Amino acid sequence: MHPIQRALLSVSDKSGIVPFARRLHGMGVEILSTGGTATLLAESEIPVTEVSDYTGFPEMMGGRIKTLHPLIHGGLLGRRGIDDRTMKEHGIAPIDLVVVNLYPFQQTVAREGCDLATAIENIDIGGPAMLRAAAKNHAAVTVVVDSGDYDAVLAEMEQNEGAVSEATRFSLAVKAFEHTAAYDGAIANYLGAIQPDGEKTKFPRTFNLQLKKSQDLRYGENPHQQAAFYIDTDDRAAEASVATARQLH
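Just so we're aligned, residue 4 is where the sequence shown starts under the numbering used here, counting upward by one.
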């Protein structure tokens with residue numbers, strides 16, 4: 004395991020990001036960040052380097068272009084021990100930790116009066132690209148999409164001289180792909196229910212649904228079959244039902 008030396012933090016939901024970043028800094032981790040996250044960290048007196056300063060390429064197009072740069076994606080995708088020479092030739096430093104959560108697309112389109120232009124501007128491009136790159140290269144990169152995982156990651160780093168275990172990196176990578184899959188599914192559901200003239204239809208042309216396993220079952224439809232029970236991950240679907248019920252006694 005290699006210790007985390009460089010982290011990129013860029014979050015829409017900033018819950019817990021300041022104490023998390025402060026502890027990273029205390030462990031000697033260099034912090035890169037963008038936009039509002041970088042401003043918040045700087046205001047909290049945590050040393051941070053803006054991605055635009057790191058890449059030498061400014062944010063542009065109203066923030067549409069921030070992190071789409073070879074110094075960022077090369078640092079995430081570079082295979083340690085395989086791509087080292089190429090990275091050195093092009094001045095690409097490895098990025099060992101990515102903490103990203105995405106523009107709140109579902110919350111935006113759920114608001115009354117949200118139009119197509121507003122929805123489009125809330126489709127995150129750079130965030131999913133970084134998450135997918137980091138998750139693909141989880142052999143070397145730790146990727147975090149949930150603030151609820153901050154403490155566990157920090158605890159592992161403290162126990163392992165700054166490193167995160169292979170098992171944890173893999174689990175977090177799966178979680179990142181689940182996150183981007185749900186995000187893209189929500190976008191497809193929304194856009195698929197809109198006609199070219201902007202009118203909404205009752206039913207989208209495809210319907211994307213993400214389910215999570217609630218429990219293993221004793222058997223399937225027949226005794227010789229295996230089975231599991233899955234429930235909807237969308238909080239809006241969490242109404243009282245057999246699927247969400249709990250046995251109390």
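Glycine is no exception: its CB is placed at the ideal position from the N, C-alpha and C atoms.
Note that the structure is predicted; figures quoted are calculated from it, not measured.
My output table needs one value for residue i: the three-state DSSP class, helix, strand or coil.
| i | result |
| --- | --- |
| ALA211 | With the sequence shown as reference, residue 211 is identified as Asn, and Ala is not the correct amino acid for it. Three-state DSSP puts ASN211 in coil, outside helix and strand. |
| ASP149 | coil |
| LEU220 | strand |
| ALA41 | helix |
| ASP154 | helix |
| SER174 | helix |
| ARG135 | helix |
| ILE95 | coil |
| LEU251 | coil |
| ASN163 | coil |
| HIS182 | helix |
| ASP187 | helix |
| ASN192 | helix |
Between the options, which lies nearest to residue i when the distance is taken from Cα to Cα?
| i | options | result |
| --- | --- | --- |
| VAL148 | HIS93, THR89, SER47, LYS17 | LYS17 |
| ILE126 | GLN109, ALA137, LYS178, ALA113 | GLN109 |
| LYS139 | GLU124, GLN162, ASP152, ASP99 | ASP99 |
| ALA170 | THR145, TYR153, LEU157 | THR145 |
| GLY8 | GLY188, PRO97, ASN192 | Looking at the sequence shown, residue 8 is not Gly but Gln. The shortest C-alpha separation from GLN8 is found at PRO97. |
| LYS205 | LEU212, TYR186, LEU214, LEU194 | LEU194 |
| SER55 | GLY38, LEU44, ALA45 | GLY38 |
| ILE190 | ALA142, LEU134, ILE123 | ILE123 |
| ALA10 | PHE23, ILE20, GLU33, PRO22 | GLU33 |
| SER174 | HIS141, SER150, PRO50 | HIS141 |
| ILE128 | ALA137, ASN225, LYS216, ILE68 | ILE68 |
| GLY66 | HIS93, TYR106, ARG82, ALA45 | TYR106 |
| GLU202 | ASP154, CYS117, ASN225 | CYS117 |
| PRO22 | PHE60, SER150, GLU92 | SER150 |
| THR209 | ASP187, GLN228, PRO226, LYS216 | ASP187 |
Taking residue i and residue j to be in contact with their CB atoms under 8 Å, please state how far apart those CB atoms are, rounded to whole angstroms.
| i | j | result |
| --- | --- | --- |
| ALA230 | GLN218 | Actually they do not touch by this definition, with Cβ atoms about 10 Å apart. |
| VAL103 | GLY130 | 5 Å |
| GLU159 | SER168 | 6 Å |
| HIS5 | ALA166 | 6 Å |
| SER284 | SER13 | Nothing about residue 284 can be reported from this structure: the residues present for the chain run from 4 to 252 only. |
| LEU157 | ARG26 | 5 Å |
| LEU71 | ILE95 | Not a contact, Cβ separation roughly 15 Å. |
| ILE197 | LEU214 | That pair is no contact at about 25 Å. |
| ILE179 | ALA137 | Before going on, a small fix: residue 179 reads as Ala here, not Ile. Confirmed, about 7 Å. |
| ARG88 | ALA143 | With a Cβ gap of about 16 Å, ARG88 and ALA143 do not count as contacting. |
| THR40 | ILE20 | 7 Å |
| VAL101 | LEU134 | 7 Å |
For residue i, list the residues DSSP reports as bridge partners.
| i | result |
| --- | --- |
| THR52 | LEU35 |
| VAL101 | LEU11, VAL146 |
| ASP127 | DSSP output for ASP127 lists no bridge partner at all. |
| LYS203 | ILE197 |
| ILE68 | MET63 |
Could you spell out the range, first to last residue, of the beta strand (DSSP E) harbouring residue i?
| i | result |
| --- | --- |
| ASP235 | 230–235 |
The alpha helix (DSSP H) with residue i in it runs from where to where?
| i | result |
| --- | --- |
| GLY77 | 73–80 |
| PHE60 | Taken as a continuous stretch (DSSP letters only), PHE60 belongs to no alpha helix (DSSP H), as it is neither H nor E. |
| MET64 | Run containing MET64: none; DSSP gives neither H nor E here. |
| VAL167 | Careful: VAL167 lies outside any alpha helix (DSSP H) and carries neither H nor E. |
| LYS91 | 87–92 |
| HIS28 | 20–29 |
| ALA113 | 108–113 |
For chain B, is any of its Cβ atoms less than 8 Å away from the one on residue i?
| i | result |
| --- | --- |
| GLU115 | The structure shown has no chain B; it contains just one protein chain. |
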